[in-house]
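Residue numbers (our numbering): 2 to 263. The beta carbon of each residue, even a glycine, is placed where N, CA and C say it ideally should be.
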């Protein structure tokens, strides 16, 4: 059922909720995506626990504030959206699961243990790889000028393996749906996010599921459980949902053994 929560500044955040049982899962999509990009996990887990999928501000059915407003599209602002949905949906310390940009948002939420029980980073955007973050920073101007969407479609295509087939063309085309100015601020948010600091502030269990070798900041952090998929590019939750779902299920059983199901 589609519902709407009010985030900071009166921004309306659209979300869907299904199932029941604790801990709930809150699924957070990546850059230039929407809540449908976690559809396999939403359907899989809703049979045993509450599941919420949301559209971050500027995406999907949620409000699109003026990207010229300072701080409107930071990771902290996106995390406010998630926490607003948690409160509106009446969830008790859910597990926040985020892909790409959403992985950074999930990590930011991990600093609030009274509201969040655990966080899962699904092939997250760069946390502390300075070279990668610098490339993202240099790309902000290109994204802002990408009014025909060609830069973003190319960016999405390069995140995939040649063998990736699930929603391939839809994902590539969908990368250009978000207005260029909003997409640019999302790129800036990833470039400027202090991933190392967020890892240090995390106060709940963490799982990172990556398509490639995890970056050093994740490998070296003693509080992060690591999982890696096989045979998929960046959109692992779509291409190999069985692998992602199995790791999520194991994490829930082992790390949160008191979890209840429907």
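(request) Could you name the residues that DSSP lists as bridge partners for residue 99? (result) Residue 99 is bridged to 29, 122.
(request) Report the partner residues of residue 159 according to the DSSP bridge assignment. (result) BP columns for residue 159 are empty, so no partner.
(message) Output needed for residue 176: all residues of its chain with C-beta closer than 6 Å, excluding positions within five of it in sequence on either side, in chain order.
(response) Here the set comprises 33, 153, 154, 157.
(message) Between 87, 30, 225, 49, which has its C-alpha nearest residue 6's C-alpha?
(response) Among 87, 30, 225, 49, the Cα nearest to that of residue 6 belongs to 87.
(message) Suppose you measure from the CA of residue 168 to the CA of residue 243; what does that come to, to the nearest Å?
(response) Taking C-alpha positions only, residue 168 is separated from residue 243 by approximately 16 Å.
(message) In the DSSP output, what is residue 54 paired with across the bridge?
(response) Beta bridge pairing from DSSP links residue 54 with 17, 28.
(message) Assuming residue 228 is part of the beta strand (DSSP E), what are its boundary residues?
(response) Residues 225 to 229.
(message) If distances are taken between C-alpha atoms only, which option among 236, 118, 221, 251 comes closest to residue 103?
(response) Nearest C-alpha to residue 103: 236.
(message) Out of 185, 245, 194, which one is the CA nearest neighbour of residue 140?
(response) Closest by alpha carbon: 185.
(request) Could you pull out every residue in the same chain whose Cβ sits closer than 8 Å to the Cβ of residue 234, ignoring the five residues on either side in sequence? (result) 160, 161, 162, 165, 212, 240, listed in sequence order.
(message) What does the alpha-carbon distance come out to for the pair residue 110 and residue 150?
(response) Their backbone Cα atoms lie some 30 Å apart in a straight line.
(message) Could you tell me the alpha carbon to alpha carbon distance between residue 255 and residue 70, rounded to whole angstroms?
(response) About 43 Å.
(message) Given this structure, state the Cα-to-Cα distance separating residue 228 from residue 180, to the nearest angstrom.
(response) Rounded to whole angstroms, residue 228 and residue 180 show a C-alpha spacing of 33 Å.
(message) Quick check: residue 128 and residue 218, are their CB atoms within less than 8 Å of each other?
(response) Result yes, Cβ atoms of residue 128 and residue 218 sit closer than 8 Å.
(message) Quick check on DSSP: helix, strand or coil for residue 208?
(response) For residue 208, the secondary structure class from DSSP, reduced to helix, strand or coil, is strand.
(message) Less than 8 Å between the beta carbons of residue 67 and residue 73, yes or no?
(response) Contact: yes.
(request) State the Cα-Cα distance for the pair residue 1 and residue 223, rounded to the nearest angstrom. (result) No statement about residue 1 is possible, as the shown extent of the chain runs from 2 to 263 and does not include it.
(request) Compute the beta-carbon to beta-carbon distance between residue 26 and residue 95, rounded to the nearest angstrom, for a pair I have assumed lies under 8 Å. (result) For residue 26 against residue 95, the beta-carbon gap comes to about 6 Å, under 8 Å, which counts as contact.
(request) Label residue 85 either buried or exposed according to how many other C-beta atoms from any shown protein chain fall within 10 Å of its C-beta, with 16 as the threshold for buried. (result) The residue in question, residue 85, is buried, as its Cβ has 16 or more Cβ neighbours within 10 Å.
(request) With DSSP as the reference, label residue 178 as helix, strand or coil. (result) In the structure shown, residue 178 sits in coil (DSSP, three-state: anything other than H, G, I, E or B).
(message) Quick check on the DSSP output: the alpha helix (DSSP H) that includes residue 220 runs from which residue to which?
(response) That run of the alpha helix (DSSP H) goes 217 to 220.
(request) For the region 41 to 50 and the region 115 to 122, state whether three or more C-beta atom pairs, one from each stretch, are separated by less than 8 Å. (result) No, the region 41 to 50 does not touch the region 115 to 122.
(request) Just tell me which of 190, 100, 246 has its CA closest to the CA of residue 30. (result) It is 100 whose Cα lies nearest to the Cα of residue 30.
(request) Can you have a look at residue 17 and say buried or exposed, based on whether 16 or more other CB atoms are within 10 angstroms of its CB? (result) By the Cβ-count criterion, residue 17 is buried, with 16 or more other Cβ atoms from all chains shown falling within 10 Å of its own Cβ.
(message) What does the alpha-carbon distance come out to for the pair residue 112 and residue 203?
(response) Rounded to whole angstroms, residue 112 to residue 203 spans 5 Å at the Cα level.
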